[in-house]
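>
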Amino acid sequence: MILIGSLLGVLGMMMLSLGKQCFAIFLSQGLCIDLGFGLLYVPRIALVSRSFTTRRAVTLGVSTSGAPAGGIIYTCMFNQLIAKLGLPWTVRCMGFVMLTLFSAAAVLLFVLEKENRNPDETQRRTLLDIQAFKDRLFWRFTVANFFLDLGYLTPFYYIPTYAETELGTSSTMASNILRSQACSMVGRVMLTVFARYYGSIFSLIVPGTLSGMLCITWISANSLAKLILSASFCGDISGALIPLPPSVFSYVCPDPKRLGTWLGMSQSLTSFATLLGPPIADALASIDSHSSVDLNYLSIQLLSGITMCFGASQIIGLWYLLCTKRDRTSLS
């Protein structure tokens, strides 16, 4: 799956450089690249979770911190090359960088998988395990992660538009605000170190709740300084919502051999939240609006904040179930 996902990601970038019509861009960027990245995400997270029994949260935080780093690198590449090479060759250069990085990562992951493979394990792995649907912990985790993801992406889509339409900033400044929010390396690494001392579940409750509260405080961001501060804090803190859930899931799944299957099933269900969140926010924001520019941002802010706070409350319920059902009082 890692090899196929890597090939699809690079193929999508190369085909994107050739696309000149809307359907071609959709097939390359929206379908090929997203399918490839989906095949990369769950096996990589499951492999890291299985390979590290101690300091798992920190390891996941470091391994997922490459995403915001890549956002910075590819943005700088695009800005520097677009005027010199044009769009097609700029995208191809980004594709060649992806090919190099994917090749190195695939080799390292294959070595890691070989070192941690159990020679006595002969059971064939499956993509679906019906027992997971009968487990209360599985559903509580999935519901919690669903609502966290439902509100997670909304600020990334609408904060730049809010800066332009409500505060009158330039498109360049709005893009810089988005980058400051997307640079979540601090949250992905530092809060996972925090999890080493206070437990993964408690460390997930804190950023989930704070992210929801910061989305609500976005309502009072009536100046550029307040918006930059709110976006930066929200980006840093919400970054922990990427590495910590897989670390928590290791307590949910009773059998480490089925960790990858259960995690893939849970992530497949919660992926619909990332798909539905921004369209739902846009539909609510368009109520009583007279144009695509005149949006009701209050509904967007409340939707994102309330859903994330509700997801954090479900993590508290998961904590209680773990302590009572499986008698795991030390969740570190």
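Everything in the sequence shown is counted per UniProt numbering, starting at 1 for the first residue and increasing by one.
Glycine included, every Cβ here is placed at the ideal spot set by N, Cα and C.
#1: Taking the beta carbon of isoleucine 201 as the centre, do at least 16 other beta carbons fall within 10 Å, making it buried, or is it exposed?
#2: How do the stretch 241-261 and the stretch 187-194 stand: do at least 3 beta-carbon pairs fall below 8 Å, yes or no?
#3: Just checking: is the beta-carbon of glycine 30 within a distance shorter than 8 Å of some beta-carbon in chain C?
#4: Here's the rule I'm using: 16 or more other beta-carbon atoms within 10 Å means buried, otherwise exposed. How should alanine 231 be labelled?
#5: By alpha-carbon positions, which one of Phe23, Leu210, Phe141 and Met15 ends up nearest to glycine 317?
#6: Have a look at Gln267, Lys226, Gln131 and Ala132 and flag the residue whose alpha-carbon is nearest the alpha-carbon of leucine 40.
#7: Considering only residues of the same chain and omitting the five flanking positions on each side of arginine 92, which have a CB-CB separation below 7 Å?
#8: When you compare the CB positions of leucine 303 and alanine 283, do they come within less than 8 Å of one another, or not?
#9: Tell me whether the beta-carbon of proline 155 lies closer than 8 Å to the beta-carbon of tryptophan 218.
#10: Are residue 342 and leucine 148 closer than 8 Å when you measure CB to CB?
#11: Are arginine 196 and arginine 55 touching if we call contact CB-CB under 8 Å?
#12: Which one of Cys22, Ala67 and Ala24 has the shortest CA to CA distance from aspartate 236?
#13: Candidates Ser223, Leu35 and Gly30: which alpha carbon is nearest threonine 169's?
#14: Can you look up proline 160 in the DSSP assignment and give me helix, strand or coil?
#15: Rounded to the nearest angstrom, how far is the Cβ of glycine 264 from that of cysteine 215, given a contact under 8 Å?
#16: Return the Cβ separation of asparagine 145 and threonine 274 in integer angstroms, given the expectation that the two are a contact with Cβ distance under 8 Å.
#17: Evaluate glycine 95 with the Cβ neighbour count: other Cβ atoms within 10 Å of its Cβ, from every protein chain shown; 16 or more gives buried, anything less gives exposed.
#18: Consult DSSP for isoleucine 242 and reduce its assignment to one of helix, strand or coil.
#19: By Cβ distance below 6 Å, which residues in the same chain neighbour residue 343 in space, the five residues on each side in sequence not counted?
#20: With a threshold of 8 Å on Cβ separation, who are the neighbours of isoleucine 82 within its own chain once the five nearest residues in sequence on each side are excluded?
#21: What distance in whole Å lies between the Cβ atoms of proline 207 and serine 238, which are believed to be in contact at a cut-off of 8 Å?
#22: What runs of the alpha helix (DSSP H), each 4 residues or longer, lie entirely inside the stretch 184-241?
#23: Looking only at its own chain, which residues have a Cβ that is under 7 Å from the Cβ of glutamate 113, when we skip the five neighbours before and after it?
#24: How is the alpha helix (DSSP H) around glutamine 131 delimited, first residue to last?
#25: On the CB-based measure, 16 or more other CB atoms within 10 Å of its CB, does alanine 225 come out buried or exposed?
#26: For valine 42 versus phenylalanine 102, is the C-beta spacing smaller than 8 Å?
#27: Just confirm the distance between the C-beta atoms of leucine 8 and glycine 36, as a whole number of angstroms; I'd bet it's less than 8 Å.
#28: Work out the CA separation of phenylalanine 52 and threonine 59 for me, nearest whole Å.
#29: With DSSP run on the structure shown, which of helix, strand or coil describes lysine 114?
#30: If you reduce the DSSP assignment to three classes, tell me which class lysine 20 lands in.
#31: Can you tell which of Tyr297, Thr192, Tyr198 and Thr209 has its C-alpha closest to the C-alpha of proline 160?
#32: Under the three-state reduction of DSSP, which class applies to asparagine 296: helix, strand or coil?
#33: Would DSSP call threonine 165 helix, strand or coil?
#34: Below 8 Å between beta carbons: does that hold for serine 211 and cysteine 234?
For this structure:
#1: Counting every other CB atom within 10 Å of its CB across the protein chains shown gives isoleucine 201 a total of 16 or more, marking it as buried.
#2: With a cut-off of 8 Å, the stretch 187-194 and the stretch 241-261 count as touching, because enough Cβ pairs lie within range.
#3: Looking for chain C here will not work: only one protein chain is present.
#4: By the 10 Å Cβ count, alanine 231 comes out buried.
#5: Comparing Cα-Cα distances from glycine 317 to each of Phe23, Leu210, Phe141 and Met15, the minimum goes to Phe141.
#6: For the residues Gln267, Lys226, Gln131 and Ala132, the minimum Cα distance to leucine 40 belongs to Gln267.
#7: For arginine 92, same chain residues with a beta-carbon under 7 Å away, outside a window of 5 residues either side, are Met14 and Ser17 in chain order.
#8: No, they are not a contact pair.
#9: Yes; because the gap between Cβ atoms is below 8 Å, this pair is in contact.
#10: Nothing about residue 342 can be reported from this structure: the residues present for the chain run from 1 to 332 only.
#11: Against a cut-off of 8 Å, the Cβ pair of arginine 55 and arginine 196 comes out as a contact.
#12: The option with the nearest alpha carbon to aspartate 236 is Ala67.
#13: Of Ser223, Leu35 and Gly30, the residue nearest in Cα terms is Ser223.
#14: DSSP, read as helix, strand or coil, puts proline 160 in helix.
#15: With 8 Å as the limit, glycine 264 and cysteine 215 do not qualify as a contact, their Cβ atoms being about 29 Å apart.
#16: So it is not a contact: roughly 10 Å between Cβ atoms.
#17: With 16 or more other Cβ atoms within 10 Å, it is buried.
#18: Three-state DSSP puts isoleucine 242 in coil, outside helix and strand.
#19: This structure does not reach residue 343, given that the chain is present from 1 up to 332, and the question cannot be answered.
#20: So the list reads Thr90, once near-sequence residues are dropped.
#21: 6 Å between Cβ atoms; contact.
#22: Complete alpha helix (DSSP H) runs here, min 4: 185-198, 200-217 and 224-238.
#23: A distance below 7 Å between beta-carbons, with the five flanking residues on each side excluded, links glutamate 113 to the following residues of its chain, in chain order: Leu47.
#24: From DSSP, glutamine 131 is part of no alpha helix (DSSP H); its letter is neither H nor E.
#25: Exposed: under 16 other Cβ atoms inside 10 Å.
#26: A distance of 8 Å or more separates the beta carbons of valine 42 and phenylalanine 102.
#27: Under the criterion of beta carbons closer than 8 Å, leucine 8 and glycine 36 qualify as touching, at roughly 3 Å.
#28: Approximately 8 Å between the Cα atoms of the pair.
#29: Three-state result, lysine 114: helix.
#30: Annotated three-state conformation of lysine 20 is coil, per DSSP.
#31: Nearest C-alpha to proline 160: Tyr297.
#32: It is coil, neither helix nor strand.
#33: Looking at threonine 165 - three-state DSSP - the assignment turns out to be helix.
#34: Taking 8 Å as the cut-off, the beta carbon of serine 211 is found closer than this to the beta carbon of cysteine 234.
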